[in-house]
Each structure stands twice: as C-alpha cells, then as structure tokens.
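Going left to right, the sequence shown walks through residues 3 to 239 as the working numbering numbers them. Virtual Cβ for every residue (Gly too), placed ideally from N, Cα, C.
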Amino acid sequence: MPALNGAVVLVTGANGGIGTHFVHEALARGAAKVYATARTPRDWNDERIVPLTLDVTDAESIRAAVAAAPDVTVLINNAGTSVSSTGILTQSDAEIRANVETNFLGPLFLARAFAPILSSRDESVIIDIHSLLSWYAVAGIYSATKAALWSATNSLRLELAPEGVHVVGVHVGYVDTPMAAHATDPKTQPGDLVRTVFDAVEAGEYEVLADQGSVQVKAGLSAPIEALYPQLKAANV
3 MPALNGAVVL
13 VTGANGGIGT
23 HFVHEALARG
33 AAKVYATART
43 PRDWNDERIV
53 PLTLDVTDAE
63 SIRAAVAAAP
73 DVTVLINNAG
83 TSVSSTGILT
93 QSDAEIRANV
103 ETNFLGPLFL
113 ARAFAPILSS
123 RDESVIIDIH
133 SLLSWYAVAG
143 IYSATKAALW
153 SATNSLRLEL
163 APEGVHVVGV
173 HVGYVDTPMA
183 AHATDPKTQP
193 GDLVRTVFDA
203 VEAGEYEVLA
213 DQGSVQVKAG
223 LSAPIEALYP
233 QLKAANV
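Have a look at this one:
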C-alpha cells in the first residue's frame, strides 16, 4: 500500500491553511522532500521543503513545475478558489471562469502532466480535494466544478490503476480556514482533515468522506431528488 515514508510530495496551494498542514504532515510521516507550490511561494526555513512557483491555471507554469519536480511520487491537488455568492445565475463570468480553471481544469491538467512521472514510480499517488458540494449543488459554479473534478478523479483512477498510480478523492464540508470564515456550521480542523487523508492513503483507500455531512450527502444521492433538495417541493406548492 502507498506510504508517505520516503515519498517526494508536491502540494498545490501550499500557502493556505490545508496546504500548510499537508506540507508539515507529509514530513512528519517521513516524506523525503515536499515541493510547496503557490503562485507566490514563501520561505519555509526547512531544507526538505522546496518552494516552487505554480499557477495551476497556466499551461506554461504547469510545464515548468513538471520540469522542476521530476521526482514526484505524490501529487496533492489542493489549490482551489471559491465564490462570493451561491447562485449560478448571479455569479459573474469572471467567477465562473476562475472556478472552472482553478478547481477543475487545473487539477486535471496537473494530473495529466505528472502522470508519466508517477507511472514510472512505485507506490505513487494522486490526491484530489473535492468537497461535500461535489454532490450538493447549493454553491453554483463551485459545486459544479467540484462535481466535475469528482468525475475526472474517477476517470483518472481507472486509467492510472494499471500503471500503479493510486488515486484518492477527498470529500469534506466546511474546513476551519479563511475560505470558510463566513460559515457558522461545524468545521473540520485542517490538521484533522490532513491526518484523515494520509491515514486513508496509507490504508490503500480510494475515497475519503472526511466528515459526517459528506457521509450523509453521498448516501442521499440514492434517494429521490426531492429528498436531497426539499426546496423543490416548496417551489411546487
């Protein structure tokens, strides 16, 4: 089963709350090196951490990252963006394009770019951070892009399994980071999330339902659509 001990890890969105925990927890579990990527990388004061410039929406930046990190064994697609409103009819063109490019196309193109490197390594892994909202369309384009990434992750898992690449999808609701500062619902601590994800990776699991909300929403997919979205009944009264 995949292990973090001795791994070379690349984390996108490494400067953020979840990304920072991925960097430190990977090292705590024995990773030999972590590429901490961001549009504007920061200094980590640790020789095991390699700051690397990466804009996941830019094809040339992705190519440069692949060239700079040819020894990666674990790719963590963590970078993402959110929206200021929940209605897909009211979200701006810029918000829609930014969500598609950052939340869906970025992780997909990164996985495609690193696939030859990962396929040549033993026990290599891709970790894609989805969302509870992959299955619950109450956040407009954000939900749509996370649903698209979930589907793409399933495709990548099937195509890369014969090459020995283990692909893991992660679903979680609110995480206690600045992105969820507006939320009053219960939040998962980023450190707890990262430990749960790495535990699942080391156990050989394919999917992580990191909180009870994700468990409940996925289970609800088998019910009639009105059960998941009771507001439809109200609209038809």
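Cross-strand partners of residue i (DSSP beta bridge)
| i | result |
| --- | --- |
| residue 171 | 130, 209 |
| residue 37 | 12, 52 |
| residue 78 | 13, 129 |
| residue 88 | In the DSSP output, where bridge partners are listed per residue, residue 88 has none listed. |
| residue 190 | 177 |
Residue i in three-state terms, based on DSSP
| i | result |
| --- | --- |
| residue 240 | Nothing about residue 240 can be read from this structure; the chain reaches only from 3 to 239. |
| residue 195 | helix |
| residue 123 | coil |
| residue 166 | coil |
Spatially closest choice to residue i from the options, by CA coordinates
| i | options | result |
| --- | --- | --- |
| residue 133 | 83, 167, 168, 112 | 83 |
| residue 151 | 222, 81, 70 | 81 |
| residue 43 | 22, 31, 27, 62 | 22 |
| residue 45 | 17, 100, 130 | 17 |
| residue 127 | 47, 200, 147 | 200 |
| residue 175 | 193, 136, 209, 226 | 136 |
| residue 60 | 92, 24, 125, 112 | 112 |
| residue 170 | 131, 34, 122 | 131 |
Length of the line joining the Cα atoms of residue i and residue j
| i | j | result |
| --- | --- | --- |
| residue 224 | residue 215 | 15 Å |
| residue 105 | residue 79 | 9 Å |
| residue 54 | residue 108 | 16 Å |
| residue 115 | residue 68 | 7 Å |
| residue 39 | residue 212 | 24 Å |
| residue 145 | residue 101 | 10 Å |
| residue 26 | residue 166 | 26 Å |
Supposed close pair residue i, residue j - CB separation, criterion 8 Å
| i | j | result |
| --- | --- | --- |
| residue 142 | residue 64 | Not quite, the Cβ-Cβ distance comes to about 26 Å (not below 8 Å), so this is no contact. |
| residue 58 | residue 37 | That pair is no contact at about 13 Å. |
| residue 8 | residue 32 | 6 Å |
| residue 12 | residue 77 | 5 Å |
| residue 230 | residue 222 | 5 Å |
| residue 129 | residue 177 | Rounded, the Cβ-Cβ distance is 15 Å, inconsistent with contact. |
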